[in-house]
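Asks: Before anything else, here's the structure in question.
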Amino acid sequence: MPKRFGYQPVIEVYLALNDPHSYMLIQALAELEQRFTIKFCLFLVYESRVSVSVEPKIWRQWAINDANVIAQQYGFTTINVIPSANALFTGQQLWQMECKDIKSAVNVFHQTWKNNFERYYNVSTPVINFQIKNQQRLYAKGHYSPASLCFLGEWFVGVDRLSHIETKLAALGFSKNIASNRRYNANMLIFKQGENQQRKTNSPPIEMFLSLRSPYSFIGFYKIKKLCEYYQVPLVLKPILPLVMRNVPVPKRKKKYIYTDAHREAVDGGIPYCSFVDPIGQGVIKCFQLFAYAQAQGKSLAFIQAVFDAIYINNIDVAITNNLINLCKAIELDYQAALEYGLANDWQQWSDENQMALDKLGFWGVPCFRYGDVAYWGQDRLAEIEKAVIAHFTEN
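Taken in order, the sequence shown gives residues -10 to 385; the numbers are from the working numbering.
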């Protein structure tokens, strides 16, 4: 499909008018359209939070805060509150009547979030049916989330994944300006020179909340470990139980996207991701029984890395005792002593404490990272943690 044959790539975009990340995405697409020869097909859907078992207020506040991080990264409009019901109904009505392209879509989003209408419409059954139809289309294509894009059969969620689309479009020859092929890369760690020298002042540790079953935790662990080594910052690991072991179901379409996206992110970050041997149940429990001793011996990082490598790289089942014995030998950890230590240091107690600490931060999934007074959910936000580390040493 080379450009010289007149082909114009089409990207399907699914947006929810009351979704903060959709608002950020439509602003980004307006800019992206200026740099690439591309056509966007827009579909308005209801906001969807499939499988997220959390109070709506908590989810809303996180979504607003996270969207504002993106807004600050790229100079987009920031937000404070979710649109009122009247503004939402009116915006949805105008979308169906007027929204034909990116420009008009941006205007509808701006008006809705600023509650800036000359007249208001009531809720309308045809408008609701219009969005339900688009929602069904989204599900039929195997996806679940608003603020998502489908390009060449591949799904991307949010502004954080636009860098992949930029790279693909540039490689296919659809860039209008070769000098600006990749703008959406604010999540890359910079490893600032001069900030990794021997310190006169100590740094607080970075805390990482992780799950052994989370591919994003696996990727985030490798990234945060490298960051901590570079800036000489202590790293404290706080494992928690996977969502499924906390009775939070994860639909198949969401799991499929997570593993596909995580693999794509791992490749982009130069992190090997060759396998997945699900540790659910006994695999997680057996590793947790050993973790307290590894931590007491100053080997928590080595232990978690060995477990992650077993699951995601070496195709090893950590539910099998002999595999764990060999894993402990490799990092010079006494397996039997670890088991005995675990009996006196109940893993359920410390994992519950980690979960409660995560709950207090207003998060419910992993990986999450805390440094001093700042905390973020997701390996995509490690660049914000890095900024906080640099600011700490600059101020001290």
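Note that beta-carbon positions come from the ideal geometry of N, C-alpha and C, so glycine has one too.
1. Here's a check: name, in chain order, each residue in its chain whose Cβ is nearer than 7 Å to the Cβ of D149, leaving out the five neighbours to either side.
2. Using only alpha-carbon positions, find the residue among F145, E87, D306 that is nearest to A136.
3. What would DSSP say about K89, mapped onto helix, strand or coil?
4. Just curious, the alpha helix (DSSP H) that L347 is in, first and last residue?
5. Quick check on this structure: which residue in F277, N191, R126 has the alpha carbon closest to the alpha carbon of A327?
6. Could you pull out every unbroken beta strand (DSSP E) segment of at least 3 residues lying fully inside the region 133 to 158, listed in chain order?
7. Tell me, to the nearest whole angstrom, how far the beta carbon of F210 is from that of L199; I am working on the premise that it is less than 8 Å.
8. Looking at C-beta atoms only, is the number of pairs between the region 217 to 224 and the region 247 to 261 that lie closer than 8 Å three or more?
9. Quick check: the region 13 to 26 against the region 108 to 118, are at least 3 beta-carbon pairs closer than 8 Å?
10. Run through the DSSP bridge pairs and tell me what K227 is partnered with.
11. Taking the C-alpha atoms as reference points, what is the distance between N248 and K241?
12. Do the region 317 to 324 and the region 290 to 304 touch if we need at least three Cβ pairs shorter than 8 Å?
13. Assuming I179 contacts Q344 under a Cβ cut-off of 8 Å, what Cβ separation, rounded to an integer in Å, is found between them?
14. Between which two residues does the beta strand (DSSP E) harbouring W366 extend?
15. Exposed or buried, T383, counting other C-beta atoms within 10 Å across all chains shown (16 or more means buried)?
16. May I have the straight-line CA-CA distance separating A75 from Y110, to the nearest angstrom?
17. Helix, strand or coil for V296? Go by DSSP, reduced to three states.
18. May I ask you to report which of helix, strand or coil DSSP gives N176?
19. Less than 6 Å between C-beta atoms, sequence neighbours within five positions excluded: which residues of the same chain meet that for N105?
20. Are the Cβ atoms of V34 and L127 separated by less than 8 Å?
21. Taking a contact to mean a Cβ-Cβ separation below 8 Å, would you say Y360 touches I91 in this structure?
22. Inspect the CB distances between the region 92 to 100 and the region -1 to 14 and report whether three or more fall short of 8 Å.
23. Between K189 and the rest of its own chain, which residues show a CB-CB distance below 7 Å, the 5 nearest in sequence each way excluded?
24. From Y63 to A5, what does the alpha carbon distance come to, in whole angstroms?
25. If the criterion is Cβ atoms closer than 8 Å, does the pair G258 and I208 meet it?
26. Would you check if the region 76 to 90 and the region 45 to 56 touch, i.e. whether three or more CB-CB distances between them fall below 8 Å?
27. Can you check which of these residues, V2, N315, V363, D335, is closest to Q124 by C-alpha distance?
28. Between P231 and the rest of its own chain, which residues show a CB-CB distance below 6 Å, the 5 nearest in sequence each way excluded?
29. Would you call Q16 buried or exposed, if buried means 16 or more other Cβ atoms sit within 10 Å of its Cβ?
30. With a CB to CB cut of under 6 Å and the five nearest residues on each side skipped, what residues in its chain are close to E329?
31. Only counting the same chain, and skipping five residues up and downstream in sequence, which positions put a Cβ closer than 7 Å to that of A372?
32. Within a Cβ cutoff of 7 Å, which residues of the same chain sit near I305, ignoring the five residues on either side of it in sequence?
33. Does the Cβ-Cβ distance between Y173 and L141 come in under 8 Å?
34. Which class does V39 belong to by DSSP, given the choice of helix, strand or coil?
35. For K288, collect the residues of the same chain with a Cβ closer than 7 Å to its Cβ; drop the 5 residues on either side in sequence, then sort them by chain order.
36. In terms of residue numbering, what span does the beta strand (DSSP E) encompassing E329 cover?
Replies: In this structure, then:
1. N176, D369
2. F145
3. coil
4. 336 to 349
5. F277
6. Runs found: 137 to 140, 143 to 146.
7. Contact between F210 and L199 holds: CB atoms are separated by about 6 Å, below the 8 Å threshold.
8. no
9. As far as the Cβ criterion goes, the region 108 to 118 does not touch the region 13 to 26, which means the pair count is below three.
10. F198
11. The sequence given here places Tyr at residue 248; Asn does not occur at that position. Using only the alpha carbons, I get a separation of about 11 Å.
12. yes
13. Rounded, the Cβ-Cβ distance is 32 Å, inconsistent with contact.
14. 363 to 366
15. Burial state of T383 is exposed, judged by a 10 Å Cβ sphere holding fewer than 16 other Cβ atoms.
16. Reading off the sequence shown, one finds Asn at residue 75, where the question assumed Ala. The straight-line gap from Cα to Cα measures roughly 7 Å.
17. The answer is helix: DSSP assigns V296 an H, G or I state.
18. In the structure shown, N176 sits in coil (DSSP, three-state: anything other than H, G, I, E or B).
19. none
20. yes
21. no
22. Between the region 92 to 100 and the region -1 to 14, the count of C-beta pairs closer than 8 Å reaches three or more; the two stretches touch.
23. The pLDDT assigned to K189 is 48, lower than 50, so where the model puts this residue is not dependable, and the model offers no usable value.
24. Straight-line Cα distance between these residues: approximately 21 Å.
25. yes
26. no
27. V2
28. S200, R202
29. Counting the other CB atoms within 10 Å of its CB gives Q16 a total of 16 or more, which places it among the buried residues.
30. none
31. Correct list, in chain order: A175, N176, M177, L178.
32. V266, A299, N312
33. Taking 8 Å as the cut-off, the beta carbon of Y173 is found no closer than this to the beta carbon of L141.
34. Bear in mind that the predicted position of V39 carries a pLDDT of just 49, short of 50, making it unreliable; the figure below should be weighed with that in mind. Looking at V39 - three-state DSSP - the assignment turns out to be coil, as it is neither helix nor strand.
35. For K288, where only same-chain residues beyond five positions count, the Cβ hits under 7 Å are I320, L322.
36. Here E329 belongs to no beta strand (DSSP E); instead the alpha helix (DSSP H) covers 324 to 333.
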